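A.B. asks: Quick note: the sequence shown uses our numbering, first residue 10, plus one each step.
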Amino acid sequence: MPAVYFVLLSFLSGAVPYSVILGKLLLKEDIREYGDGNPGAANLWRAGGSLFGLAAILLDLFKAFLPVYYALVFCNYPDNTLMAIAIAPVAGHAFSPFLHFRGGKAVASTYGIWLALFGLTGGLLVMGVTMALFYILQTIDAWSVIMGMVALFVYLFLNDAETCLRFLCLINLSIVAYKHRKDLKPILKLRPVFATMIRRSRWV
Numbered sequence: 010m011p012a013v014y015f016v017l018l019s020f021l022s023g024a025v026p027y028s029v030i031l032g033k034l035l036l037k038e039d040i041r042e043y044g045d046g047n048p049g050a051a052n053l054w055r056a057g058g059s060l061f062g063l064a065a066i067l068l069d070l071f072k073a074f075l076p077v078y079y080a081l082v083f084c085n086y087p088d089n090t091l092m093a094i095a096i097a098p099v100a101g102h103a104f105s106p107f108l109h110f111r112g113g114k115a116v117a118s119t120y121g122i123w124l125a126l127f128g129l130t131g132g133l134l135v136m137g138v139t140m141a142l143f144y145i146l147q148t149i150d151a152w153s154v155i156m157g158m159v160a161l162f163v164y165l166f167l168n169d170a171e172t173c174l175r176f177l178c179l180i181n182l183s184i185v186a187y188k189h190r191k192d193l194k195p196i197l198k199l200r201p202v203f204a205t206m207i208r209r210s211r212w213v
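(1) So does the stretch 119 to 130 actually touch the stretch 45 to 53, counting three or more Cβ pairs closer than 8 Å?
(2) Provide the residue span of the alpha helix (DSSP H) that contains H102, from first to last.
(3) Tell me whether the stretch 127 to 134 and the stretch 92 to 109 touch, counting them as touching only if at least three CB pairs, one residue from each stretch, are closer than 8 Å.
(4) How would you write the range of the alpha helix (DSSP H) that A56 sits in, first residue to last?
(5) Which value, in whole angstroms, describes the spacing of the CA atoms of A64 and L165?
(6) At the level of alpha carbons, what is the spacing between P195 and I145?
(7) Using a Cβ distance threshold of 8 Å, determine whether the stretch 79 to 88 contacts the stretch 36 to 43, with at least three qualifying pairs required.
(8) Given that a residue counts as buried once 16 or more other Cβ atoms are within 10 Å of its Cβ, and exposed if not, what is Y187?
(9) Between which residues of its own chain and E171 is the CB-CB distance below 7 Å, once the five residues before and five after are set aside?
(10) In angstroms, rounded to a whole number, what distance separates the CA positions of A56 and D150?
(11) Would you check if the distance between the CB atom of P106 and the CB atom of A24 is smaller than 7 Å?
(12) Return the residue from the list L18, I184, L68 that minimises the CA-CA distance to A117.
(13) Rank A80, N168, F71, Y78 by C-alpha distance to the C-alpha of H274 and give the top, closest one.
(14) Going by CA-CA distance only, name the one from M136, L17, Y43, V185 that's closest to V29.
(15) Would you kindly check if the distance between the Cβ of W152 and the Cβ of L197 is under 7 Å?
(16) Under 7 Å Cβ to Cβ from M136, same chain only, skipping five residues before and after it: list those, please.
(17) Report yes if the C-beta distance between T119 and V138 is below 7 Å; otherwise report no.
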């Protein structure tokens, strides 16, 4: 298959709004009327509960994972083409043509592409652990996502990863930051228990 067609298919795979579809078919609800109006898994979770939310997260993850994994294993594309195939589902989710280019925040699809590229080790583990750590320490979820992506870039840089991988990470980070831009306006805010610990420490 010509590379441009595969990139397009990867984009369209990422663009399928599973959360909106599940909400309309199974809940008879428009999930964009919940929470922050985002057409993603978080608002499906709010509308229908954890079972629906987890299903949407997995669908969003695998719609990004599958085209990237298939291209890596079964196709002989050059690295630059593989990186275009990898970023395509993230862009598709974030700017879905099926939703008038108002897509989701691309967190699960981001995990999907890096799962395909790294498996469950390496950069994906670094990103996940950092994201979880910041989620525990502070209250702004968007910053947890951003710091996870920053940690992934640092990991790639320190391990002398290919330039195309580092470039892919920067584009991915840019998309995720743009989609979370409204949530990033509050600066990092420690959870009360950690803020209290710091105030009581001898270094403050």
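By construction, the Cβ of each residue, glycine as well, lies at the ideal position given by its N, Cα and C atoms. This structure is a prediction, so every number in the text was calculated from the model and none was measured.
C.D. replies: Checking against the coordinates, here is how it stands:
(1) With a cut-off of 8 Å, the stretch 45 to 53 and the stretch 119 to 130 do not count as touching, because too few Cβ pairs lie within range.
(2) In the DSSP assignment, H102 falls within the alpha helix (DSSP H) that extends over 88 to 103.
(3) With a cut-off of 8 Å, the stretch 92 to 109 and the stretch 127 to 134 do not count as touching, because too few Cβ pairs lie within range.
(4) Counted as a single uninterrupted DSSP element, the alpha helix (DSSP H) harbouring A56 occupies residues 50 to 57.
(5) Computed Cα separation, rounded: 30 Å.
(6) Whole-angstrom Cα-Cα distance: 17 Å.
(7) By the Cβ criterion, the stretch 79 to 88 is not in contact with the stretch 36 to 43, since fewer than three pairs of Cβ atoms, one from each stretch, lie closer than 8 Å.
(8) That one is exposed.
(9) Result list for E171: D88, in chain order.
(10) Going from the Cα of A56 to the Cα of D150 covers about 19 Å.
(11) Yes. Within cutoff.
(12) Among L18, I184, L68, the Cα nearest to that of A117 is on L68.
(13) The structure shown has nothing for residue 274, since the chain only spans 10 to 213.
(14) It is Y43.
(15) Yes, the Cβ-Cβ distance between L197 and W152 is below 7 Å.
(16) Answer for M136: W123, G157, M158, A160, L161, listed in chain order.
(17) Taking 7 Å as the Cβ cut-off, T119 and V138 do not qualify as a contacting pair.
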